Each structure stands twice: as C-alpha cells, then as structure tokens.
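Under the numbering used here, the residue at position 260 of the sequence shown is numbered 281, and the numbers go up by one with no gaps.
Taking it in order: structure first as structure tokens, then the write-up.
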Amino acid sequence: MIGHSCRHCQFVRPALGEPGPVFAKDALAKTGPDHITMKRSADLPANPPPVVGFADYYVGGFVDGFHTHERAQLSMFMAGSVTVTTHEESFVLRPGQALWLPAHTLHQATCRTDLSFQVIYVDPDFPGVGTLPCKMFDASSLIRGLMDEIIAMSFEFAMDNRMSTISRLLIDEIERAPRLAERVLLPADPRMRRVCEAIIAKPGDGRDIDHWAREAGMARRTFTRLFQSQMGMGFAAWRRRVRVVEAASRIATGQSIAEVAFDLGYDNASSFSSMFHRTFGVSPRELRTNSPMAARL
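Written out as structure tokens, the structure reads:
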C-alpha cells in the first residue's frame, strides 16, 4: 500500500462496481460537500510507484485534524488559502506556494477558502527524501511542471528512466528552493501554545500582554521570560509576525490592502505597509503583482 492512513487526500470512495477513485471536486458537483468522504488506503492500487500525485479541490472551512502520512508529502496550492499547522510551526500558504512535509510529520490543514491544490506523495526511501526537512517555498515553474508530469500519469505507471529522472529532479529542486520566512513558530509549553493558537485564529485581537499572561495562568514577567526563551523573540514581535503572515495570504487572495490593515489592528494602510515591507522586503502591492501564480491563474 501507499501507506497513506489519513483523510487528507479528499477522494470519495467509489460505489460498488464503479471504476477507480472519484475526486472530491467531481463529487461536489453531484452531491455537495456534506456527502464527501476522505480517501483511504484501500482506494489506492496495491503496489503504487514510489512517487504518485493528483490534483483536487477542498471546500472552504474544511478542517482535516491532526494526522500523519507514511510517505513524504509535497503540496502546491493553485488557488485559495490554507493554514497548515505542525507541532512546531504554523504556515499560511497562498497560490503558488508549496509545502514539503517529511514522512510521519504530525499536521493539521484548515481551508481558509475554497482550495485548489496538487499533492505528490513520495516513498521515504526514494533517493534524497530522507534528508529533506519541513519546508515552505515558492513553487518555481520547473517544480510546477515536474509535478504536472507526475500527476498526468496514472497511479499504476512504471517507474521507468524518464519518470525516475523527473522524480529525482523534483526532489533536487525542492532541496534547492529558498525557504520562505512566512511561517510562525509555536511554543512547546501547552499553556503558551493555547495563547498562540488563539492569536493566530484572531490575529486582529488587540488585547495586551497582561490579558494573555492571565490566559496562560502566569504572571506577566514569567510569561514574558518563557515566551522569549521558547520563541527566540518577544511577544510583541511574534504577534507582528502573525499579522503580516496573515496579511500576505489575504492580500494575495484578493482582499484590499486597506481592509486587511484595519482588520489586523493597524491605524492606517501606510503604517501597515511599512511593517509588511520590513518583514518581507516587498510592499503589499508588490506581493500581489509578483505572485508566482499570477501568470498561471
């Protein structure tokens, strides 16, 4: 078996006697989102090749709770936005960005909007895979093309010289791709993690550090010291990062810059744009214009 033992692939199990797996996007047109079930290992061929992939669609608001895969997972997002949370980090991904998760990485996916995406699953014993860490990056045109080639093949394709070369090149390109800074660290302490998850869920919440220290059941000084120790930055700096990461996703998916600024607690769009530029090195307007998917969507 492919070793995929969770609900993340969003296939619909075919009715008895029907050929092959049915993708969620096709089922949506027939039955609506309430009738979707997730793909199971039993829906895959018995002996799939070491690298397989597909393209599909998620409904906005869908949450795939914490789970793991026995294979490494490469996800690339075509349209929409998704938050992926691991034990250590939270990623907000927008069109044109990709996320590599090593095999057995515990993670949760939350669809912020309707989401079109591509997924490649790679056997952990495939050359080069074992050394790749969790990584968010912009999907280059070469990476997108290689993913397209793999997805175009059936699950039963033979790993001939051509497909082996394509798959090896994909792994090489993932390794070479610069890691994006648009991620948010999460603390190990469960009290502080609850606070951080609450802020990530509502990044415009302006309640001060005293409130959040009380929520964690700590004195302000203890909270401040522990936060710095676990996160490598102060609470205020971490919250600013949460806000600009959130802003990047909203802007890239079409929300106005002014609306995003006010929603996230900034007094005006100018101060927001300055903070955004200091964090990412580009203005919000440049981010929207230069999105890697701009020419493809």
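Cβ coordinates follow ideal geometry from the N, Cα and C atoms, glycine included.
If you're wondering where the values come from, they're calculated on a predicted model, not measured in any experiment.
Quick one, are the C-beta atoms of Gly-81 and Asp-135 less than 8 Å apart? Yes, these two residues count as a Cβ contact at 8 Å.
Would you list the one or two residues that DSSP bridges to Tyr-142? Bridge partners of Tyr-142 according to DSSP: Val-73 and Gln-94.
Starting from Val-84 and walking both ways along the beta strand (DSSP E), at which residues does that stretch end? For Val-84, the uninterrupted beta strand (DSSP E) run begins and ends at 84-88, by DSSP.
Could you tell me the distance, in whole angstroms, from the CA atom of Pro-319 to the CA atom of Asp-181? Shown here, the chain extends from 22 to 318; a query on residue 319 therefore has no answer.
Alpha carbons only, please: which of Cys-217, Leu-247, Ile-272 and Phe-158 is nearest the one belonging to Glu-109? It is Cys-217 whose Cα lies nearest to the Cα of Glu-109.
Pick out whichever of His-128, Val-266 and Ile-220 has its Cα sitting closest to the Cα of Ser-96. Taking the Cα of Ser-96 as reference, the smallest distance to any Cα among His-128, Val-266 and Ile-220 is reached at His-128.
Bounding residues of the beta strand (DSSP E) (the contiguous stretch that carries Leu-127): First-last for Leu-127: undefined, no H or E at that position.
Leu-163 versus Arg-200: straight-line alpha-carbon distance, rounded: Distance from the CA atom of Leu-163 to the CA atom of Arg-200, rounded to whole angstroms, is 16 Å.
What is the DSSP secondary structure of Lys-60, reduced to helix, strand or coil? In this prediction, Lys-60 scores a pLDDT of 46, lower than 50, which makes its location untrustworthy; the coordinate-derived value is nonetheless stated afterwards. Lys-60: coil per DSSP, three-state reduction.
Reference Val-103, options Met-252, Arg-133 and Pro-116, closest by Cα: Of Met-252, Arg-133 and Pro-116, the residue nearest in Cα terms is Arg-133.
With distances taken between CB atoms, is the gap from Gly-101 to Thr-274 smaller than 8 Å? The criterion of a C-beta distance shorter than 8 Å is satisfied by Gly-101 and Thr-274.
Straight-line CA distance for Asp-193 to Met-174? Approximately 20 Å, taken between the alpha carbons.
From the DSSP output, in three-state form, read off Ala-119 for me. If DSSP states are grouped into helix, strand and coil, Ala-119 belongs with the strands.
Hey, how far is the Cα of Pro-351 from the Cα of Ser-137? A query on residue 351 cannot be resolved here, the shown segment of the chain reaching from 22 to 318 and no further.
Whole angstroms are fine: how far does the CA of Ala-198 sit from the CA of Phe-158? Using only the alpha carbons, I get a separation of about 6 Å.
Between which two residues does the beta strand (DSSP E) holding Ser-4 run? No information on residue 4 is available, as it lies outside the stretch 22 to 318 that the chain covers here.
Which two residues bound the contiguous alpha helix (DSSP H) that contains Ser-304? First-last for Ser-304: undefined, no H or E at that position.
First and last residue of the uninterrupted alpha helix (DSSP H) at Val-105: For Val-105, there is no enclosing alpha helix (DSSP H); the residue is part of the beta strand (DSSP E) that begins and ends at 103-107.
Counting C-beta neighbours from all protein chains within 10 Å, is the total for Arg-306 16 or more, i.e. buried, or is it exposed? Counting every other CB atom within 10 Å of its CB across the protein chains shown gives Arg-306 a total below 16, marking it as exposed.
Using the Cα positions of Thr-245 and Glu-267, report the straight-line distance between them to the nearest angstrom. Rounded to the nearest angstrom, the two C-alpha atoms are 23 Å apart.
For Gly-255, count neighbouring C-beta atoms within 10 Å of its own C-beta (all shown protein chains included) and say buried if the count is 16 or more, exposed if not. Gly-255 should be labelled exposed.
Inter-residue spacing [alpha-carbon to alpha-carbon] between Ser-185 and Ile-272: Ser-185 and Ile-272: Cα-Cα distance of roughly 38 Å.
Report the rounded CA-to-CA distance for Lys-223 versus Leu-122, giving the unit in angstroms. So the two alpha carbons sit approximately 26 Å from each other.
Grab the span of the beta strand (DSSP E) containing Ser-111 for me, first residue to last. Its beta strand (DSSP E) spans residues 110-114.
Using alpha carbons as the reference points, say which of Arg-92, Leu-153, Arg-204 and Ile-171 lies closest to Thr-107. With distances taken between Cα atoms, Thr-107 lies closest to Arg-204.
Would you grab the beta carbon distance between Phe-248 and Met-213 for me? Rounded to a whole angstrom, and I think it's under 8 Å. Confirmed, Cβ separation roughly 6 Å.
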